[in-house]
Amino acid sequence: MAKTATRARILSEAQEVVTEQGASAVTMRGVAARVGVTPMALYRHFPNREALLGAIVEEAQATFLHHLQRAMAEPTAAARLFASGQQYLAFALGHPRRYAVLFLDVRPQAPGAAPGDCAWQSAATFRFLVDRIRDCAAEGVLRVDDPEEAALTVWAHVHGLVSLYLTGKLAIGEARFRALYERSILGLVRAFGWPDTAPVAGRRAAEPANLRRRRKGGLSR
Numbered sequence: 326m327a328k329t330a331t332r333a334r335i336l337s338e339a340q341e342v343v344t345e346q347g348a349s350a351v352t353m354r355g356v357a358a359r360v361g362v363t364p365m366a367l368y369r370h371f372p373n374r375e376a377l378l379g380a381i382v383e384e385a386q387a388t389f390l391h392h393l394q395r396a397m398a399e400p401t402a403a404a405r406l407f408a409s410g411q412q413y414l415a416f417a418l419g420h421p422r423r424y425a426v427l428f429l430d431v432r433p434q435a436p437g438a439a440p441g442d443c444a445w446q447s448a449a450t451f452r453f454l455v456d457r458i459r460d461c462a463a464e465g466v467l468r469v470d471d472p473e474e475a476a477l478t479v480w481a482h483v484h485g486l487v488s489l490y491l492t493g494k495l496a497i498g499e500a501r502f503r504a505l506y507e508r509s510i511l512g513l514v515r516a517f518g519w520p521d522t523a524p525v526a527g528r529r530a531a532e533p534a535n536l537r538r539r540r541k542g543g544l545s546r
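Start counting the sequence shown at 326; every next residue gets the next number (our numbering).
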């Protein structure tokens, strides 16, 4: 294989491990066996397990951002913000293992990394939410003095709900959780001045095909 093709195959197989078993199951030896190369060959592409996990995180961030950007098809700032919340949920339910890699798994900081190197305040996905809130404030839909602080509040809220659901802490079905999620978000943004008459996107984000199968609870993908 060419070097770039081999690296892509390694990353693909590592992502499959995450999807099937979670990030904790990723090992250099295990991924090498799946790819059909020696563990030493893996180290030519990724110096250690943390570097491999870092590449998986980057891919998950890109997928997450792609979901959020679908909200930009909506015609108004209010509808785009609401759709962003729907797409957040669509990503979490459609890719729970990737969501866990981004938000739930605890990984030691890389040696030599400065504090805050991976701070989410600088991530493109967080900046996307800040921009949606800033747009709503500019159009008078929300009353916020600090869009970044407001975005952090919204993110903490939706992350808390989604994490409780994905980890099986909420004993409710998906349909009920979706309704709770929507009501909760609307209640939160009303605290920022969101008017009851503000137009919003469709009431439900499009589901990926794999959500048509019944989930038995907990992380499954």
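We put the beta carbon where it would ideally sit given N, CA and C, even for glycine.
**Under the three-state DSSP convention, the category A448 falls into** = Reading the sequence shown from its first residue, position 123 is the one you call residue 448. Coil, per DSSP.
**Prompt:** Expressed to the nearest angstrom, what Euclidean distance is found between the alpha-carbon atoms of R422 and A348?
**Reply:** Locating residue 422 in the sequence shown gives position 97, where the first residue counts as 1. Locating residue 348 in the sequence shown gives position 23, where the first residue counts as 1. Cα to Cα, the separation comes out at about 8 Å.
**Item:** Run of the alpha helix (DSSP H) containing E399, from where it starts to where it stops
**Value:** Numbered from 1 along the sequence shown, position 74 holds the residue referred to as residue 399. DSSP places E399 in no alpha helix (DSSP H); its state is neither H nor E.
**Item:** Reduced DSSP category for T292 - H, G, I as helix; E, B as strand; rest coil
**Value:** Since the first residue shown for the chain is 326 and the last is 546, residue 292 is missing from the structure and cannot be characterised.
**Asked** Between the beta-carbon of L406 and the beta-carbon of V514, is there less than 9 Å?
**Response** Residue 406 sits at position 81 when you count from the first residue of the sequence shown. Residue 514 sits at position 189 when you count from the first residue of the sequence shown. Yes; because the gap between Cβ atoms is below 9 Å, this pair is in contact.
**Request:** Give a yes or no on contact between the stretch 413–421 and the stretch 385–401, applying the rule of three or more CB pairs nearer than 8 Å.
**Result:** Look at the beta carbons and you see the stretch 413–421 touching the stretch 385–401: at least three pairs across the two are nearer than 8 Å.
**Message:** Measuring only the C-alpha atoms, how far is T299 from F428?
**Reply:** Lying before the first or after the last residue shown, residue 299 is absent from the chain, which here runs from 326 to 546.
**Request:** Consult DSSP for F517 and reduce its assignment to one of helix, strand or coil.
**Result:** Locating residue 517 in the sequence shown gives position 192, where the first residue counts as 1. In this structure, F517 counts as coil in the three-state DSSP scheme.
**Prompt:** Near T459, what residues of its chain come up, given a Cβ to Cβ distance below 7 Å and the 5 sequence neighbours on each side ignored?
**Reply:** In the sequence shown, residue 459 corresponds to position 134, counting from 1. Here residue 459 is Arg; the residue named in the question, Thr, does not match the sequence. If we look at R459 and ignore the five residues flanking it on each side, its Cβ neighbours are P472.
**Message:** Could you compute how far the alpha carbon of K328 sits from the alpha carbon of A358?
**Reply:** Walking along the sequence shown from the start, residue 328 turns up at place 3. Walking along the sequence shown from the start, residue 358 turns up at place 33. Here the C-alpha atom of K328 lies approximately 17 Å from the C-alpha atom of A358.
**Cβ-Cβ separation, R354 to P364 (assumed contact under 8 Å), whole Å** = Taking the sequence shown and counting its residues from 1, the one referred to as residue 364 is at position 39. Taking the sequence shown and counting its residues from 1, the one referred to as residue 354 is at position 29. By a beta-carbon distance limit of 8 Å, P364 contacts R354. Their separation comes to about 5 Å.
**Message:** One question on the structure: do R457 and A396 come within less than 9 Å of each other, judged by their Cβ atoms?
**Reply:** For the purposes of this step, residue 457 is taken as residue 132 along the sequence shown, with counting starting at 1. For the purposes of this step, residue 396 is taken as residue 71 along the sequence shown, with counting starting at 1. Their beta carbons are under 9 Å apart, which means R457 touches A396 by this criterion.
**Prompt:** Expressed to the nearest angstrom, what Euclidean distance is found between the alpha-carbon atoms of D442 and L336?
**Reply:** Locating residue 442 in the sequence shown gives position 117, where the first residue counts as 1. Locating residue 336 in the sequence shown gives position 11, where the first residue counts as 1. Caution applies to D442, whose pLDDT of 45 falls short of 50 and renders its modelled position unreliable; the model cannot decide the point.
**Message:** Can you tell me whether E473 is helix, strand or coil according to DSSP?
**Reply:** Residue numbering aside, residue 473 sits at position 148 when the sequence shown is read from its first letter. Helix.
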